[in-house]
Ligand SMILES: [Zn+2]
């Protein structure tokens with residue numbers, strides 16, 4: 153029995169010794185683990201400190217660079233502040249908005265102007281700013297309106313709207329963006345010298361040397377001492393010709409069998425104010441087929457009011473497309489312009505047409521299709537006529553389309569000539585056909 157008790161005590165002692173031994177081993181393990189963790193943390197701290205130092209250095213450099221860049225902007229910012237201060241009182245925006253409210257549709261340019269004015273007077277957070285620029289963007293048509301699209305995109309980007317500004321719209325340093333190169337190019341009157349041309353023939357032939365001088369005194373005009381009644385003194389055909397144009401178109405008509413088929417193509421826009429009209433010079437490729445015979449479209453130009461009359465009444469305006477065949481015959485296709493909706497084609501032309509006489513301008517990357525000014529229906533009145541400007545050369549076949557196209561009152565008013573139409577001429581023994 154005694155032996156058994158001793159054995160039990162020994163076993164208990166062994167168990168106790170084992171337990172304490174295990175416990176102290178655990179503690180040792182824990183201590184070494186936390187030491188390793190501390191070492192790792194210290195290392196990490198050291199690294200992040202180095203990283204922070206690098207970042208601070210980079211930030212210092214960036215600040216220095218930004219300061220250098222900002223220096224030239226200070227002057228611009230001051231200018232902007234001055235403009236803001238001048239119009240910040242408010243009534244200008246109200247006036248302009250009030251004025252524009254009376255119009256059904258605003259032009260892209262006005263829409264842009266509104267956006268800019270709003271941004272200046274109300275600040276970029278005003279919801280009307282984004283709305284105005286968005287509207288301008290919707291109104292823009294890429295083929296003809298790169299500049300306005302760019303302006304609207306830059307405007308939206310400036311107020312933090314998410315909009316991609318096209319690479320073509322990169323803002324150029326002031327001075328470099330101005331129209332250059334075309335202004336002093338002397339090749340303005342391409343059609344004048346070598347191709348027959350309803351407007352400019354006289355300048356090309358008789359004053360070839362002087363045609364570079366855009367400010368030479370005009371020697372014929374539409375009123376006063378240089379008016380149509382006096383043209384004959386320098387240009388005999390204008391007074392003595394027997395088949396002069398324009399005509400008062402009135403029945404009875406003879407049935408015409410000629411077919412007219414315009415085949416006009418888009419091309420780079422080149423136009424000028426020649427002192428008598430706004431003329432668009434057309435690159436080669438656009439044709440009018442008369443009974444299948446091709447006539448090259450040389451240029452087109454405008455008269456206000458229309459030179460032709462229908463039953464004694466002129467329309468608000470007319471556009472004359474001037475063509476020439478390989479054997480030198482001239483044909484004019486006339487499209488009457490009637491007051492109505494805004495004409496998108498004319499909108500493009502008017503935005504580039506110089507307000508005063510001068511050389512041809514060729515706005516960068518603006519493409520225009522003369523076909524945009526044609527009506528769908530091609531029924532016509534036709535007659536033998538003449539150039540309607542000096543030297544009034546005869547042998548010109550006219551096709552005046554029966555269907556007019558629209559032009560808005562505002563567009564009529566924005567044409568730079570108040571009146572540039574020759575009065576109607578005697579019919580004599582000519583017949584007017586209808587096709
Ligand atoms: Zn004409």
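Numbering (the working numbering), first residue to last: 153 to 587. Cβ coordinates follow ideal geometry from the N, Cα and C atoms, glycine included.
- Contact annotation: the segment 487 to 497 does not touch the segment 399 to 410, with fewer than three C-beta pairs closer than 8 Å.
- Within the segment 379 to 419, complete alpha helix (DSSP H) segments of at least 4 residues are found at 383 to 386, 388 to 392, given in chain order.
- In its chain, beyond the 5 residues on either side, 390, 391 have a beta carbon closer than 6 Å to the beta carbon of residue 384.
- The Cβ atoms of residue 536 and residue 393 lie no closer than 8 Å to each other.
- In the DSSP secondary-structure assignment, residue 586 is bridged to 407, 533.
- Residue 483 is bridged by DSSP to 475, 549.
- Distance from the C-beta of residue 371 to the nearest heavy atom of ligand 1 is not below 7 Å.
- Look at residue 555: its beta carbon is at least 7 Å from all of the heavy atoms in ligand 1.
- In the DSSP annotation of this structure, the continuous segment of the alpha helix (DSSP H) that includes residue 246 starts and ends at 243 to 253.
- Scanning 266, 276, 272 for the CA closest to the CA of residue 284 turns up 266.
- Taking 8 Å as the upper bound for CB-CB distance, residue 287 and residue 305 are not in contact here, some 13 Å apart.
- When secondary structure is reduced to three states using DSSP, residue 452 falls in the strand class.
- Cα atoms of residue 420 and residue 505: separation of roughly 14 Å, rounded to the nearest angstrom.
- One Cα belongs to residue 395, the other to residue 550, and the distance between them is close to 11 Å.
- At least one heavy atom of ligand 1 falls within 7 Å of the beta-carbon of residue 540.
- In this structure, residue 472 has its CB closer than 7 Å to one or more heavy atoms of ligand 1.
- Within the model, the alpha-carbon separation for residue 272 versus residue 236 is close to 6 Å.
- When rounded, the separation of the alpha-carbon atoms in residue 377 and residue 460 is 23 Å.
- Using a Cβ distance threshold of 8 Å, residue 470 and residue 455 count as a contacting pair.
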